[in-house]
Amino acid sequence: MDHIMKQAALFLSSLTVVGLAACSEPASVTGPESSEKLESKQETVVAPITAAESIDAGLAIGDQVPLTASLLTNGGETTLGRVLETGPALIVFTRSVEWCPYCQTQLKSINAIVSDLKDRGYNLYGLSYDSPDQQDRFSKNQMLKYDMLSDQPSAVIDAFGLRDPQYTEGRAAGVPYASVFLIDKDGRIIAKTVSGDYKKRPTNEQILALVDSI
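In our numbering, the protein residues as written are 28 to 241.
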């Protein structure tokens, strides 16, 4: 365990991320803009992040995840435990596929490392509070090669301790910190990174480096 903690600390201390700049924080509660409209505004820029910008939030390395927590997919209801029955997982907690262009860009970007993660023994998943229909529409439009998990009431987000507390009302209420969790087949967290700035996300190279550090 000390070995894993040291590796995770080294990863965070040298973290450089892609800042995905597009639009301001959603304050309106009148309904999200369409994904297509937001995507047309996107511009990807490189931004650094330090260990100080990586926050100590959520379940810790070595903790057990809530295996009975319910999730939705376009195919129906499942649990985190059933998801892990197919093998260890790398879960990307993201804010919204509908109105967050930072999330949209990240979710499209990680599509490129599905095979790399599979070769390392991990299945990739995206998780947000969007409905299965919203996620399915985004997945088909972007031809994602991995599954999205719907946590519409933010119950799993809360169980992981990842709800961003600065949003208490409006459409952003219930969103998680932008996070990456690596979970073994028994449901134990073996690595993680949590960003305190939703505009900054680990690059694909850093995600693979985190996996390789285990």
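C-beta: ideal position from N, C-alpha, C; glycine also.
Test item: CB-CB of residue i and residue j under 7 angstroms
{"i": "Phe120", "j": "Pro203", "result": "yes"}
{"i": "Ser177", "j": "Leu189", "result": "no"}
{"i": "Asn101", "j": "Asp163", "result": "yes"}
{"i": "Tyr149", "j": "Pro115", "result": "yes"}
Residues bridged to residue i (per DSSP)
{"i": "Pro203", "result": "Arg190"}
{"i": "Ile210", "result": "Ala116 and Ile216"}
{"i": "Gln91", "result": "Arg215"}
{"i": "Val183", "result": "Looking at the DSSP assignment, Val183 forms no beta bridge with any residue, so it has no partner."}
{"i": "Leu98", "result": "Thr105"}
Close-in-space but distant-in-sequence residues of the same chain around residue i (CB under 8 angstroms, 5 per side omitted)
{"i": "Thr106", "result": "Leu94, Thr95, Ala96, Ser97 and Leu98"}
Neighbour-count burial assignment, residue i, 16 or more Cβ in a 10 Å radius
{"i": "Gln133", "result": "buried"}
{"i": "Gln131", "result": "buried"}
{"i": "Glu70", "result": "Only weak support is given to the placement of Glu70: the predicted model assigns it a pLDDT of 49, under 50, and the value that follows is read from those uncertain coordinates. Flag for Glu70 reads exposed."}
{"i": "Ser166", "result": "buried"}
{"i": "Gly197", "result": "exposed"}
{"i": "Ala195", "result": "It is worth fixing the name first, because residue 195 is Thr in this sequence and not Ala. So Thr195 counts as exposed."}
{"i": "Thr220", "result": "buried"}
{"i": "Gln161", "result": "buried"}
Nonlocal neighbours in the same chain, by C-beta distance under 6 angstroms from residue i, ignoring five residues either side
{"i": "Ile184", "result": "Asp178, Arg190 and Pro203"}
Cβ-based neighbour list, residue i, same chain, cut-off 7 angstroms, excluding 5 preceding and 5 following
{"i": "Ala249", "result": "Since the displayed the chain opens at 28 and closes at 241, residue 249 lies outside it and no answer follows."}
In the region 102–176, which residue ranges form an unbroken alpha helix (DSSP H) of at least 4 residues, counting only runs that do not cross its ends? Taking only runs of at least 4 residues, the alpha helix (DSSP H) segments lying wholly in the region 102–176 are 107–111, 128–136, 141–146 and 159–169.
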